[in-house]
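In full-length UniProt numbering, the protein residues as written are 1 to 496.
1) Locate the beta strand (DSSP E) running through residue 369, then write down its first and last residues.
2) Quick one: give me the first and last residue of the beta strand (DSSP E) that residue 158 is part of.
3) In the structure shown, what three-state DSSP assignment does residue 173 receive?
4) Measuring only from the beta carbon, is residue 75 closer than 6 Å to any heavy atom that is part of the ligand NAP?
5) Determine the DSSP secondary structure at residue 233, reduced to helix, strand or coil.
6) Would you kindly work out how many angstroms separate the C-alpha atoms of residue 44 and residue 116, rounded to a whole number?
7) Among 190, 465, 450, which has the Cα closest to the Cα of residue 483?
8) Can you tell me the Cα-Cα spacing of residue 120 and residue 94, whole angstroms?
9) Using the Cβ count rule (16 or more neighbours within 10 Å means buried), how would you classify residue 381?
10) Please name the residue or residues paired with residue 192 in a DSSP beta bridge.
11) Given residue 298, which residues of its chain have a CB within under 7 Å of its CB, disregarding the five upstream and five downstream residues?
12) Among the candidates 426, 307, 437, whose CA atom is the shortest distance from the CA of residue 338?
13) Helix, strand or coil for residue 468 per DSSP?
14) Taking 8 Å as the limit between beta carbons, can you name the residues of its chain near residue 419, skipping five residues before and five after?
15) Just tell me which of 405, 226, 239, 161 has its CA closest to the CA of residue 4.
16) Is it the case that the Cβ atoms of residue 487 and residue 336 are separated by a distance below 7 Å?
17) Output the distance between the C-alpha atoms of residue 125 and residue 218, rounded to the nearest integer angstrom.
18) Count the other C-beta atoms from every protein chain shown that fall within 10 angstroms of the C-beta of residue 203, then say buried if there are 16 or more, exposed otherwise.
19) Which class does residue 81 belong to by DSSP, given the choice of helix, strand or coil?
20) Terminal residues of the continuous alpha helix (DSSP H) containing residue 200?
21) Among the candidates 366, 6, 48, whose CA atom is the shortest distance from the CA of residue 292?
22) Apart from the five residues just before and just after residue 296, which ones in its own chain have a Cβ nearer than 7 Å to its Cβ?
23) For residue 330, count neighbouring C-beta atoms within 10 Å of its own C-beta (all shown protein chains included) and say buried if the count is 16 or more, exposed if not.
24) Rounding to the nearest angstrom, what Cα-Cα distance links residue 31 and residue 90 in this structure?
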């Protein structure tokens with residue numbers, strides 16, 4: 001993408017010092033002293049904005065009007081700076097925190113404006129908004145997301161968005177028409193994902209640090225970095241859309257899961273999982289929860305905790321509250337387990353299958369943890385989200401599949417005439433991947449129980465899914481209690 005040079009430095013707060021004017025001239029930056037909201041030329045050509053505060057002027061100058069202006073600037077790719085006295089800096093930080101802009105506005109000491117200009121001159125050019133871009137299919141986008149889209153596709157005459165099945169993020173297939181392309185106006189489709197700014201930043205960091213050298217290029221989406229942008233509260237990622245593919249869940253349900261599952265674990269995940277065998281420090285002898293902070297139910301958002309409480313009530317009074325279940329896991333003795341990098345949100349929709357090759361999506365949740373986390377997450381999601389069995393038939397199959405015995409050793413292969421045979425065959429393969437890396441037999445049951453609670457903490461799209469998630473809580477309760485009972489019995493026996 002060819003980016004127009006942003007050549008304007010916007011200034012609010014009195015007359016700039018001569019040294020600042022000279023710095024702008026030497027850097028070929030036009031210095032505009034603002035006295036009104038941003039104009040179209042400011043939004044498209046502005047590179048940064050400096051708010052220069054006089055001493056003790058923070059309360060008077062940092063008004064709601066200025067908050068709106070700074071947010072508008074950030075939406076359009078204009079970097080924000082506030083300079084103030086040392087005495088005023090705590091007050092400025094407090095106001096920025098209240099505005100939820102502490103992470104996007106830099107605070108510097110008054111008198112440092114000239115050195116800031118040198119930094120501004122090195123800022124990469126951000127794409128401007130294209131007001132002529134024709135957009136269809138963007139009805140659910142917020143104003144900020146629309147601005148990000150108009151910037152991400154500013155080199156296009158039109159873009160059509162087609163919503164994809166997803167979770168909390170907004171994911172689309174985008175069909176664009178390019179302007180002035182050497183090849184022609186019709187590129188291959190893009191995927192476009194909108195999410196909270198912090199999540200987009202984390203995912204872009206994960207792409208850069210964890211995928212390029214460790215996940216095969218043909219088993220992950222490839223990003224178009226010029227179209228990946230972050231605003232004050234929302235962000236967008238764009239890259240190659242995976243054409244002629246289907247979700248792993250659909251492939252498993254129709255009985256063709258073995259080959260893509262092999263491709264997933266021995267191909268896409270290979271570069272991460274092998275690291276855990278190269279040094280002894282990857283083996284931890286500790287409680288299983290020690291390196292699973294985000295998997296603990298007590299770390300969930302208030303909304304997810306409230307849903308878990310409802311699930312517990314619906315599952316029956318014999319079930320423990322999730323805090324008690326977590327306490328049971330925390331009271332287990334140390335168990336050896338192998339650590340590595342995990343995808344963190346591996347499920348049947350986050351893996352696409354083209355031919356027999358698995359392609360991983362969504363790298364926002366990458367984290368260190370037990371190597372059994374990814375198999376457990378996929379195990380549970382394939383069962384919860386399957387469409388080949390429903391109602392009481394599903395309850396019966398899930399109840400048998402999630403006993404502690406079934407989670408500690410390979411089960412008897414399903415008979416091919418069973419309606420659930422394709423699903424169980426795939427889950428058995430996933431469990432073989434888990435059993436091959438665990439060092440303690442109780443590890444996988446514990447990790448699966450946490451994944452069952454995780455699924456139970458989300459709302460289901462229909463009554464069948466609601467029922468399954470209620471049952472997932474009951475299964476987790478049973479597994480954790482049984483593991484705790486067995487562990488206690490073994491401890492008592494060893495003491496005796």
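Note that the Cβ used here is the ideal one computed from N, Cα and C, for glycine as well. If you're wondering where the values come from, they're calculated on a predicted model, not measured in any experiment.
Reading from the atomic positions:
1) 367-370
2) First-last of the beta strand (DSSP E) with residue 158: 156-163.
3) If DSSP states are grouped into helix, strand and coil, residue 173 belongs with the strands.
4) Annotation note on the ligand NAP: not contained in the displayed structure, which lists no ligands.
5) coil
6) 21 Å
7) 450
8) 24 Å
9) buried
10) 172, 238
11) 323, 326
12) 437
13) The DSSP-derived three-state label of residue 468 is helix.
14) 388, 389, 393
15) Out of 405, 226, 239, 161, 226 has the C-alpha closest to the C-alpha of residue 4.
16) no
17) 29 Å
18) buried
19) strand
20) 197-206
21) 366
22) 289, 326
23) Exposed, by the Cβ-count rule.
24) 28 Å
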